[in-house]
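Chains C and D are the protein sequences, given in the same order. Read in order, the letters of the first sequence are residues 2 to 209 in the numbering used here. Read in order, the letters of the second sequence are residues 2 to 209 in the numbering used here. In this text, a Cβ means the ideal position worked out from N, Cα and C, and glycines have one as well. Since the model is a prediction, treat every value here as computed from it, not as a measurement. Notes to accompany the following structure.
There are 2 protein chains.
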Amino acid sequence: MILCDIGNTTFHFLINGKEKKYFLNEKLPSFNQRVYYISVNDSGTKNLKYSNDDVIDLENHLEFKTKYKGMGLDRKIACIANKDAIIVDAGSAITVDIMKKGKHKGGFILPGFKAIKDLYPNTSHKLQFDFNPKVNLDKIPLCTQDAISYAILKSIIQPIKNIRNKQQIIFTGGDGEFLSKYFKNSIYKKDLIFENMKRIIDANNCIA
Amino acid sequence: MILCDIGNTTFHFLINGKEKKYFLNEKLPSFNQRVYYISVNDSGTKNLKYSNDDVIDLENHLEFKTKYKGMGLDRKIACIANKDAIIVDAGSAITVDIMKKGKHKGGFILPGFKAIKDLYPNTSHKLQFDFNPKVNLDKIPLCTQDAISYAILKSIIQPIKNIRNKQQIIFTGGDGEFLSKYFKNSIYKKDLIFENMKRIIDANNCIA
């Protein structure tokens, strides 16, 4: 089985269980197998279809109801199959979504961890710092390195804790594993998107 | 009385009660009055001294004890005379300091409000948005504009609320007035730095 998550910079493939990335403008091989994909980038979709005939857009088979307007496809895919949980996708931005009794209740979008870190030295040369992942979050900082490290972590952690109501928190994305360590009853699912793409296929016999 | 706060881009004067700004490389007038100043920029200090002979550096008369290493002069000046309060200077960065029983207990540094806002469209064109200052912070957002506005405000408000213990919060700086509206028992002091510079002068008869 071949799965493909088309983002704005790369094709992210899962080819018979193995991950493989290609840049969007790269020439793709012909896989001689059906490719199930989701895409947020039209020229990426075009590129995939140019080299492969047997492709299926899973967005057409996704059933996800929400009152949220403008929710990205990746976010929807990350949320399905989680009946009561907070889903956090920590990438270039950090999306936080709430599922309750099988329904999507809304969400919010924090800046990405790296983007926030890079802000400080760009604001002032006096705010150059090395991030301290071991900063004590229960003590008010007493030096610049800790003052910034503490503030970055608190600015991400507190808004999530603030809406939490004992639910499990499911982390995914590049910084998901790191951030999950600051929350009790949380797990990190590296392949949440691929897992849920498989769920959509399994639920739709006609395309399996 | 003439007060001057020398930052990294401007001279901020209070000349007999009236504010006046000059750029750091601008030619300053000779005021023919004593100028009390604080400075975080050496070439600014040099420029002031070039056009004015009677100048007094208030840093030499500042008594501020703290275990915090690398605390900026502006932050120290903002904190003095506040025995039990949280002092928030919301400018290009947002500094948060805790004073308790007359002692500085530490602090942290959040990114500036404008800097965080500008991060989103730079991360993805899909995160273009107009900030909604009226977003309901007690409801999970249901559209992108609110999802971002909510997250920005929560990422600033929650870390401050998290360390608060019923103390008053004193806001200053360009975004201070706006942010103060999200906190009970808070006040905005536009001229906190100048007020406290006057306090240092009053406490030191020899220079008054």
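D/T145, buried or exposed, once every other Cβ within 10 Å from all chains shown has been counted against 16: Against the second sequence, residue 145 of chain D aligns to sequence position 144. Result: buried.
Which residue spans inside the segment 94-173 of chain C form an unbroken beta strand (DSSP E) run of at least 3? 94-101, 104-112, 169-173
Could you check whether the Cβ of D/V97 sits closer than 9 Å to any Cβ belonging to chain C? Looking up residue 97 of chain D in the second sequence gives position 96. D/V97 counts as touching chain C.
Among D/E64, D/K127, D/D54, D/L120, which residue has its Cα nearest to the Cα of D/I201? In the second sequence, residue 201 of chain D corresponds to position 200, counting from 1. Selected option, being the one with the closest Cα: D/E64.
Kindly list the residues whose CB is nearer than 7 Å to the CB of D/I81, restricted to its own chain and excluding five residues on each side of it in sequence; keep chain order. In the second sequence, residue 81 of chain D corresponds to position 80, counting from 1. Taken in chain order, the residues that qualify are F65, N197, R200.
Is the shortest distance between the beta-carbon of D/P142 and the beta-carbons of chain C less than 9 Å? Here the question's residue 142 of chain D lines up with position 141 in the second sequence. Yes - at least one Cβ of chain C is within 9 Å of the one on D/P142.
Span separating the alpha-carbon of D/V136 from that of D/A148: Counting from one through the second sequence, the residue named residue 136 of chain D turns up at place 135. Counting from one through the second sequence, the residue named residue 148 of chain D turns up at place 147. Distance between the alpha carbons of D/V136 and D/A148 is about 9 Å.
Using only the alpha-carbon positions, how far apart do C/K104 and C/D54 sit? Taking the first sequence and counting its residues from 1, the one referred to as residue 104 of chain C is at position 103. Taking the first sequence and counting its residues from 1, the one referred to as residue 54 of chain C is at position 53. Each residue's Cα considered, the two are about 35 Å apart.
What number of angstroms, rounded off, separates the C-alpha of C/F12 from the C-alpha of C/Q34? Numbered from its first residue, the first sequence carries residue 12 of chain C at position 11. Numbered from its first residue, the first sequence carries residue 34 of chain C at position 33. About 16 Å.
List, in chain order, every chain C residue whose beta-carbon is nearer than 7 Å to that of D/D168. Residue mapping note: residue 168 of chain D aligns to position 167 of the second sequence, counting from 1. In the sequence on display, residue 168 of chain D carries Gln and not Asp. For D/Q168, none of the residues of chain C pass the 7 Å Cβ criterion, the least Cβ distance being about 13 Å.
Considering only residues of the same chain and omitting the five flanking positions on each side of C/I99, which have a CB-CB separation below 7 Å? Against the first sequence, residue 99 of chain C aligns to sequence position 98. Once the five neighbours on either side are set aside, the close Cβ partners of C/I99 are I87, K106, G107, G108, I164.
Using a beta-carbon distance below 9 Å, is D/L128 in contact with chain C? Here residue 128 of chain D is taken as the residue at index 127 of the second sequence, counted from 1. Yes, contact with chain C.
Straight-line gap, C/Q168 to C/K50 (C-alpha atoms, nearest Å): As a first step, residue 168 of chain C must be located in the first sequence, where it is residue number 167. As a first step, residue 50 of chain C must be located in the first sequence, where it is residue number 49. If I take the Cα positions, the gap works out to 40 Å.
Short check: CB of D/I78 to CB of D/F32, under 9 Å? In the second sequence, the residue the question calls residue 78 of chain D occupies position 77. In the second sequence, the residue the question calls residue 32 of chain D occupies position 31. A distance of 9 Å or more separates the beta carbons of D/I78 and D/F32.
What is the C-beta distance between D/Y121 and C/P112, in whole angstroms, given that I count them as a contact (C-beta under 8 Å)? Stepping through the second sequence from its first residue, residue 121 of chain D is reached at position 120. Stepping through the first sequence from its first residue, residue 112 of chain C is reached at position 111. About 7 Å separates the two Cβ atoms, so the contact holds.
Integer-rounded CB distance, given that D/I95 should sit under 8 Å from D/S156: In the second sequence, counting from the first residue as 1, residue 156 of chain D sits at position 155. In the second sequence, counting from the first residue as 1, residue 95 of chain D sits at position 94. Approximately 10 Å separates the beta-carbon atoms of D/S156 and D/I95; this is outside 8 Å, ruling out the contact.
Mind pulling the chain C residues with CB within less than 8 Å of D/I171? Stepping through the second sequence from its first residue, residue 171 of chain D is reached at position 170. Correct list: empty, because the minimum Cβ distance to chain C is about 17 Å.
Going by CA-CA distance only, name the one from C/S150, C/S93, C/G175 that's closest to C/L193. Position 192 of the first sequence, counted from the start, is the residue given in the question as residue 193 of chain C. Of C/S150, C/S93, C/G175, the smallest CA-CA separation from C/L193 is found for C/G175.
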